[in-house]
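Please read the structure below before turning to the comments.
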Amino acid sequence: MSDAPAHHLFCLLGPVDANKKTLPEILVVLQICLEGQVSKTSINDGLSRGRRAAGDLIPWTIAQQYQDEDFPVLSGARIVRIATHPDYQGMGYGSRALQLLKQYYEMKIPNINESVTQEPMTEIKNVSDEAVGLLEETIEPRSSLPPLLLKLSERHPEHLDYIGVSFGVTEHLLKFWKRTNFVPVYLRQTANDITGEHSCIMLCKINAEQDNDKWLQAYWSDFRRRFTSLLSYSFNTYAASLALSILINRTISLESITLSKETLDVYFTSYDLKRLQMYSNNMADYHLIMDLVPSLARLHFLNMMGDTHFSPAQSAILLGLGLQHKTVDKLAEELKLPSSQLLGLFNRIIRKSIQYFNRVAEKYVESTMLTKDSVNEEVKLDPLGGQSLHEELESAAKELKIKQKAELEKLKKENLEQYAIKGSEAEWTSALSAKQSKKLISIKTGEKRASGADDSIQESEKKHTKKKKKKHT
1 MSDAPAHHLF CLLGPVDANK KTLPEILVVL QICLEGQVSK TSINDGLSRG RRAAGDLIPW
61 TIAQQYQDED FPVLSGARIV RIATHPDYQG MGYGSRALQL LKQYYEMKIP NINESVTQEP
121 MTEIKNVSDE AVGLLEETIE PRSSLPPLLL KLSERHPEHL DYIGVSFGVT EHLLKFWKRT
181 NFVPVYLRQT ANDITGEHSC IMLCKINAEQ DNDKWLQAYW SDFRRRFTSL LSYSFNTYAA
241 SLALSILINR TISLESITLS KETLDVYFTS YDLKRLQMYS NNMADYHLIM DLVPSLARLH
301 FLNMMGDTHF SPAQSAILLG LGLQHKTVDK LAEELKLPSS QLLGLFNRII RKSIQYFNRV
361 AEKYVESTML TKDSVNEEVK LDPLGGQSLH EELESAAKEL KIKQKAELEK LKKENLEQYA
421 IKGSEAEWTS ALSAKQSKKL ISIKTGEKRA SGADDSIQES EKKHTKKKKK KHT
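Under the UniProt record's numbering, the residue at position 397 of the sequence shown is numbered 397, and the numbers go up by one with no gaps.
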């Protein structure tokens with residue numbers, strides 16, 4: 001520590017009694033190493049030759065993995081180790097120490113010397129070997145030594161862009177660093193020869209809520225895409241729960257992508273969708289669709305399934321079968337589930353997926369159909385002239401009334417007197433009260449018939465009398 005000026009120790013202490021002259025009890029110790037601020041010349045030279053300088057572990061690793069020459073320019077701190085008192089482990093003191101460290105570098109802990117010019121640091125006076133001989137040196141407590149510990153409010157923090165950590169991946173450690181808002185950006189494909197663990201680098205941005213730069217989000221998105229492809233190679237021995245924990249991180253939220261019909265056709269044909277539909281209806285065995293599970297798992301873990309949600313158990317099953325290519329029996333033994341229950345959850349996964357794929361296909365068909373905006377105005381069919389049903393009925397009623405009124409006026413104009421019945425009231429009464437046959441009634445009209453009319457009447461009467469005579473004979 002004395003020979004490494006870039007390394008610093010931060011201690012989380014217990015309650016401090018000002019009257020006591022003894023050191024307070026140390027709960028947690030954090031050792032950090034300042035990294036970054038590498039010149040562009042060194043970066044370009046190292047990347048072009050495939051080499052890197054000593055030190056700056058995180059900047060050089062990220063620069064090589066992502067071929068990004070801008071990241072090493074940032075300033076950061078790497079947590080070398082974190083040690084908690086054996087009597088206080090598992091009580092949250094480590095997380096509290098990390099929280100205070102982040103607040104310190106985010107300038108959220110006020111400095112009591114902020115308005116005063118900072119005095120130069122006190123240094124130990126060096127004495128050359130020639131000045132004092134070994135036999136003449138007096139051993140006694142030295143004076144004017146710098147303080148062993150300083151409060152965070154008594155020291156100005158360095159300007160940092162991120163805090164990082166490199167460690168061997170275990171489920172317990174990964175859960176701890178995720179709880180303190182760290183995001184994985186690198187996972188070594190070869191395991192350590194001694195521990196058998198894969199080295200992982202996780203980063204946490206300083207003042208993330210104020211920084212609009214999305215470099216960490218871009219690294220996280222690219223890391224997930226790589227990790228999903230490598231799960232069937234270097235990391236196929238990982239437990240499904242551990243791999244799922246690496247892929248899920250709530251610190252950075254990635255937008256869900258709505259799958260298009262063109263993208264769907266790249267992954268699945270119409271025959272593939274029919275097979276998925278058959279299995280979702282329990283009409284086929286799961287072996288019929290096992291070749292489609294990797295594509296389905298990749299779509300899900302790359303957030304290309306829209307609002308489709310799977311439970312943690314279903315996500316672990318989809319990851320184990322689709323990305324790690326494990327058998328049903330091996331995965332059931334790993335998850336401690338009966339094979340029948342695992343296949344039941346798997347069937348629900350396929351059912352939700354095929355429902356989403358059908359919705360994508362339906363939207364595509366709907367978008368290709370003729371709409372009001374896409375139809376040419378010249379060929380639009382408008383039989384009602386844009387009228388509603390109520391307006392059409394009112395218009396028809398008005399036309400009918402006008403027609404009826406016109407016909408009534410026409411009838412009034414015609415001469416109907418020729419059809420009038422002659423005779424007075426007295427004549428009708430006497431004619432109806434006569435004892436003669438009621439079939440023929442004669443009334444004096446006082447008018448002479450035309451000669452033609454009289455002849456026709458006489459002829460009709462003669463014919464009538466002849467018919468009667470024939471009947472009597």
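All C-beta atoms, glycine included, are put in the ideal place defined by N, C-alpha and C.
Helix, strand or coil at residue i according to DSSP, with G and I counted as helix
| i | result |
| --- | --- |
| Arg224 | helix |
| Lys21 | coil |
| Phe167 | strand |
| residue 528 | Any answer about residue 528 is impossible in this case: the structure gives the chain only from 1 up to 473. |
| Tyr105 | helix |
| Val16 | coil |
| Ala313 | helix |
| Pro86 | helix |
| Gly306 | coil |
| Ile257 | coil |
| Tyr286 | helix |
| Ser234 | coil |
| Gly76 | strand |
| Arg96 | helix |
| Arg250 | coil |
| Glu119 | Residue confidence is low: Glu119 scores 48 on pLDDT, short of 50, so the model does not pin down where it sits. No coordinate-derived value is stated. |
Span of the beta strand (DSSP E) around residue i
| i | result |
| --- | --- |
| Lys352 | It is not in any beta strand (DSSP E) - Lys352 instead sits in the alpha helix (DSSP H) that spans 339-368. |
| Leu34 | 26-36 |
| Ile201 | 199-205 |
| Val185 | 183-187 |
Distance cut-off 7 Å: residue i Cβ against heavy atoms of the ligand GDP
| i | result |
| --- | --- |
| Lys412 | As for the ligand GDP, it is missing from this structure, which has no ligand bound. |
Buried/exposed call for residue i, threshold 16 Cβ in 10 Å
| i | result |
| --- | --- |
| Gln404 | exposed |
| His300 | buried |
| Asp56 | buried |
| Pro15 | exposed |
| Ala450 | With a pLDDT of 49 at Ala450, under the threshold of 50, the predicted position of this residue should be treated as unreliable, and no value is reported. |
| Lys205 | buried |
| Tyr233 | exposed |
| Leu224 | One point to set straight first is that residue 224 is Arg, not Leu, in the sequence displayed. So Arg224 counts as buried. |
| Lys102 | buried |
| Val183 | buried |
| Glu35 | buried |
| Gln118 | Because the pLDDT of Gln118 is 49, which lies under 50, any placement of that residue in the model is unreliable, and the number read from its coordinates should be weighed accordingly. By the neighbour-count rule (16 or more Cβ atoms within 10 Å), Gln118 is not buried but exposed. |
| Gly90 | exposed |
| Val116 | Since pLDDT at Val116 reaches only 46, below the 50 mark, its modelled position is unreliable, and no value is offered. |
| Pro72 | buried |
| Gly196 | exposed |
| Ile194 | exposed |
| Ile58 | buried |
| Ser424 | exposed |
Residue i and residue j closer than 8 Å at C-beta
| i | j | result |
| --- | --- | --- |
| Gly164 | Arg78 | yes |
| Tyr66 | Asp161 | no |
| Ile248 | Gln217 | no |
| Ile201 | Thr41 | no |
| Leu244 | Met305 | no |
| Leu343 | Leu335 | no |
| Pro12 | Tyr104 | The identity of residue 12 in the sequence shown is Leu, whereas the question assumes Pro. Cβ atoms of Leu12 and Tyr104: not closer than 8 Å. |
| Leu318 | Ile349 | yes |
| Ala63 | Leu74 | no |
| Ser166 | Pro110 | no |
| Glu366 | Asn207 | no |
| Val360 | Lys261 | yes |
| Asp329 | Ser339 | yes |
| Ile82 | Leu27 | no |
Opening and closing residue of the alpha helix (DSSP H) in which residue i lies
| i | result |
| --- | --- |
| His7 | Where His7 is concerned, there is no enclosing alpha helix (DSSP H), although the beta strand (DSSP E) it sits in stretches over 7-13. |
| Arg155 | Element bounds for Arg155: n/a, residue is neither H nor E. |
| Val293 | 293-301 |
| Asp272 | 270-280 |
| residue 475 | Lying before the first or after the last residue shown, residue 475 is absent from the chain, which here runs from 1 to 473. |
| Lys330 | 328-335 |
| Glu427 | 425-433 |
| Ile62 | 57-66 |
Requested in this report: Examine the Cβ distances between the stretch 340-358 and the stretch 269-279 and report whether three or more of them are shorter than 8 Å.
Outcome: Judged by pairs of C-beta atoms under 8 Å, the stretch 340-358 touches the stretch 269-279, as three or more such pairs exist.
Query raised in the report: Contact between the stretch 265-274 and the stretch 226-243: three or more CB pairs below 8 Å?
Result: When C-beta atoms of the stretch 265-274 are compared with those of the stretch 226-243, fewer than three pairs fall below 8 Å, so the two segments do not count as touching.
Query raised in the report: If we count Cβ pairs, one from each stretch, closer than 8 Å, do we get three or more for the stretch 287-303 versus the stretch 321-339?
Result: As far as the Cβ criterion goes, the stretch 287-303 touches the stretch 321-339, which means the pair count is three or higher.
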